[in-house]
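A.B. asks: Going by my numbering, the letters in the first sequence line up with residues 2 to 239, in that order. All C-beta atoms in this analysis are idealised placements derived from N, C-alpha and C, irrespective of residue type, glycine included. Dropping the structure in here first, questions after.
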Amino acid sequence: MPRVHAPQEAAAFALSSPWGRTLTPAQAERVRAEVRERRIAKGSAICHAGAEVEFWKGVMEGLIKMSVVSAQGRHATLTGLAAGAWFGEGPVLRSRLWEFDGVALRDTRIALVPRATFLWLLDESPAFARFVIGQLSERLAQFASIIEAERLESAETRVARSLAWLYNPVLYPGVNQELELTQQEIGYLSGVPRQRVNRALKLMQEQDLVRVRYGAVHINNVAGLMGFRTEDGAGALR
DNA sequence: TCATTAAATTGTT
DNA sequence: AACAATTTAATGA
Numbered sequence: 002m003p004r005v006h007a008p009q010e011a012a013a014f015a016l017s018s019p020w021g022r023t024l025t026p027a028q029a030e031r032v033r034a035e036v037r038e039r040r041i042a043k044g045s046a047i048c049h050a051g052a053e054v055e056f057w058k059g060v061m062e063g064l065i066k067m068s069v070v071s072a073q074g075r076h077a078t079l080t081g082l083a084a085g086a087w088f089g090e091g092p093v094l095r096s097r098l099w100e101f102d103g104v105a106l107r108d109t110r111i112a113l114v115p116r117a118t119f120l121w122l123l124d125e126s127p128a129f130a131r132f133v134i135g136q137l138s139e140r141l142a143q144f145a146s147i148i149e150a151e152r153l154e155s156a157e158t159r160v161a162r163s164l165a166w167l168y169n170p171v172l173y174p175g176v177n178q179e180l181e182l183t184q185q186e187i188g189y190l191s192g193v194p195r196q197r198v199n200r201a202l203k204l205m206q207e208q209d210l211v212r213v214r215y216g217a218v219h220i221n222n223v224a225g226l227m228g229f230r231t232e233d234g235a236g237a238l239r
């Protein structure tokens with residue numbers, strides 16, 4: 002069972018985020034008073050599809066995989082969430098229910114903003130509203146890119162793209178060049194088998210886009226990764 | 001600090 | 001999916 006901890010660090014994390022810095026002192030004070038922190042052990046759930054959304058959530062530390070499970074038990078990864086990412090605005094605004102399952106791929110710390118506080122900020126702060134709109138737009142672009150790659154491109158291209166998306170400055174402000182992800186974890190995030198991830202990383206390394214390390218990948222060229230293509234994408238076969 | 005062993009991760013089939 | 005090779009982490013003298 003995840004435990005709720007003292008809020009100080011979570012409040013500091015929230016208030017130093019891109020949206021937190023835009024708040025008025027009064028708005029910041031309410032956030033400071035109401036933000037909570039939760040620690041999630043590797044392998045445990047952050048949210049369950051169908052459960053009520055109580056909080057808008059920010060990743061302070063760690064890594065999350067968002068996925069959906071079909072009635073038959075097949076599951077598909079939608080995206081990863083790295084440190085600095087805020088998520089849940091979709092279900093908070095739309096259905097009040099989580100639409101996906103979230104699992105921590107490693108020990109993770111989450112900042113929790115109560116739903117009511119989130120909605121209050123949306124009403125009170127135009128800057129906050131702009132942040133949320135900007136984030137929704139980025140996510141839409143991300144999902145469009147993923148669907149396109151899923152249908153038209155090779156597994157190697159999908160791996161490159163999911164790495165590149167981790168460097169989107171709007172969705173993941175705090176990611177640095179040394180990505181501490183194992184090839185297995187990259188596989189979970191991109192929905193590609195580990196063997197194929199291994200092959201993909203070597204191809205990217207040949208082009209100096211990344212440097213493969215033990216348990217990590219050093220990213221040299223984000224734009225190059227976003228544009229990375231192989232000749233054997235599904236589009237090339239038809 | 002070094003050597004040994006176990007565990008995790010990578011690379012290949 | 002299975003297996004071997006490599007790297008790191010843990011242990012104990």
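Go through its chain and collect everything with a Cβ distance to residue 125's Cβ below 7 Å, but skip five positions before and after it.
C.D. replies: So the qualifying residues of the chain are 28.
A.B. asks: On the three-state DSSP scale, how would you describe residue 19?
C.D. replies: If DSSP states are grouped into helix, strand and coil, residue 19 belongs with coil.
A.B. asks: Determine the closest residue to residue 156 out of 133, 131, 189 and 136, with distance taken between C-alpha atoms.
C.D. replies: Here the closest residue by C-alpha is 189.
A.B. asks: Tell me whether residue 154 is buried or exposed, calling it buried when 16 or more other Cβ atoms sit within 10 Å of its Cβ.
C.D. replies: Buried, since its Cβ has 16 or more Cβ neighbours within 10 Å.
A.B. asks: Do the stretch 109 to 122 and the stretch 134 to 145 touch if we need at least three Cβ pairs shorter than 8 Å?
C.D. replies: No, because fewer than three Cβ pairs between the stretch 109 to 122 and the stretch 134 to 145 fall closer than 8 Å, the two stretches do not touch.
A.B. asks: Let me know if residue 148 comes out buried or exposed under the rule of 16 or more other beta-carbons within 10 Å of its beta-carbon.
C.D. replies: Classification for residue 148: exposed.
A.B. asks: Using a Cβ-Cβ cut-off of 8 Å (strictly less than) and excluding sequence neighbours within five positions of residue 1, which residues of its own chain qualify?
C.D. replies: The requested residue 1 does not occur in the structure, where the chain is confined to residues 2 to 239.
A.B. asks: Of all the options 54, 65, 11 and 55, which has the alpha carbon lying nearest to the alpha carbon of residue 39?
C.D. replies: Taking only the C-alpha atoms, the option nearest residue 39 is 11.
A.B. asks: Please classify residue 14 as buried or exposed, where buried requires at least 16 other C-beta atoms within 10 Å of its C-beta.
C.D. replies: By the neighbour-count rule (16 or more Cβ atoms within 10 Å), residue 14 is buried.
A.B. asks: Within 10 angstroms of its Cβ, does residue 75 collect 16 or more other Cβ (buried), or is it exposed?
C.D. replies: Per the 10 Å Cβ criterion, exposed.
A.B. asks: At 3 residues or longer, what runs of the beta strand (DSSP E) sit wholly inside the stretch 45 to 74?
C.D. replies: Runs found: 46 to 48, 56 to 62 and 64 to 70.
A.B. asks: Just checking, does the stretch 168 to 183 make contact with the stretch 79 to 88 on the three C-beta pairs under 8 Å criterion?
C.D. replies: Verdict: yes, contact present.
A.B. asks: Would you kindly work out how many angstroms separate the C-alpha atoms of residue 37 and residue 204, rounded to a whole number?
C.D. replies: Those two C-alpha atoms are separated by around 43 Å.
A.B. asks: With DSSP as the reference, identify every bridge partner of residue 37, one or two as the case may be.
C.D. replies: DSSP lists 113 as partners of residue 37.
A.B. asks: With 16 as the cutoff for other CB atoms within 10 Å, does residue 66 come out buried or exposed?
C.D. replies: Residue 66 comes out buried.
A.B. asks: If I measure Cβ to Cβ from residue 4 and keep anything under 8 Å in the same chain, skipping five residues before and after, which residues do I get?
C.D. replies: Here residue 4 scores only 49 on pLDDT, less than 50, and its place in the model should not be relied on; the value that follows carries that caveat. If we look at residue 4 and ignore the five residues flanking it on each side, its Cβ neighbours are 39 and 40.
A.B. asks: For residue 70, collect the residues of the same chain with a Cβ closer than 7 Å to its Cβ; drop the 5 residues on either side in sequence, then sort them by chain order.
C.D. replies: Closer than 7 Å at Cβ, skipping near neighbours: 76 and 102.
A.B. asks: For residue 102, name the three-state secondary structure that DSSP assigns.
C.D. replies: Correct three-state label for residue 102: strand.
A.B. asks: Please state the DSSP three-state secondary structure of residue 80.
C.D. replies: Looking at residue 80 - three-state DSSP - the assignment turns out to be strand.
A.B. asks: Spatial neighbours of residue 33 within its chain, please: CB distance less than 7 Å, with the 5 preceding and 5 following residues excluded, ordered by chain position.
C.D. replies: Excluding sequence neighbours, residue 33 sits near 12 and 16.
A.B. asks: So, with DSSP's three-state summary, where would you put residue 212?
C.D. replies: Strand, per DSSP.
A.B. asks: What are the boundary residues of the alpha helix (DSSP H) that includes residue 165?
C.D. replies: It spans 156 to 166 - the alpha helix (DSSP H) in which residue 165 sits, taken as one unbroken run.
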